[in-house]
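Residue numbers (the working numbering): 17 to 134. Beta carbons: idealized from backbone N, C-alpha and C, even for Gly.
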């Protein structure tokens, strides 16, 4: 049975922005760079959802600029290592997702400026 999207359900789940570790987890994600692009993965818009549960276990749903990205096998580990180093984080899972497909409109204004798109 195909995975069906319920009408009105967001393609990207909301992040746990009210968790005390959220800002530190975001900064950890900002320390990871796609080696081909001089902008961190968070500002590139590759991090879709950061979910942090009551036990401080973190689940990051992220994508890549393209499925054939040369670091596809390595980048989730880089993110897990960075987030796992945040004091208080108990566990980290990083899932690569391809829906919705990443697009340049997902980049922050800072990333667009850095790459000369503004």
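Limits of the beta strand (DSSP E) - the one that residue i falls within
i, result
"residue 76", "73-78"
"residue 112", "107-112"
Exposure label - residue i; buried when at least 16 CB within 10 Å
i, result
"residue 61", "buried"
"residue 120", "exposed"
"residue 114", "exposed"
"residue 45", "buried"
"residue 125", "exposed"
Residues bridged to residue i (per DSSP)
i, result
"residue 49", "56"
"residue 68", "74"
"residue 99", "According to DSSP, which records beta bridges pairwise, residue 99 is partnered with nothing at all."
"residue 63", "78"
Per-residue DSSP class, three states only, for residue i
i, result
"residue 117", "coil"
"residue 42", "helix"
"residue 17", "Model confidence at residue 17 stands at a pLDDT of 42, short of 50, so the residue's coordinates are unreliable; what they give is reported in the following sentence. Coil, per DSSP."
Residue j beta carbon less than 8 Å from that of residue i
i, j, result
"residue 130", "residue 30", "no"
"residue 99", "residue 87", "no"
First and last residue of the uninterrupted alpha helix (DSSP H) at residue i
i, result
"residue 126", "125-130"
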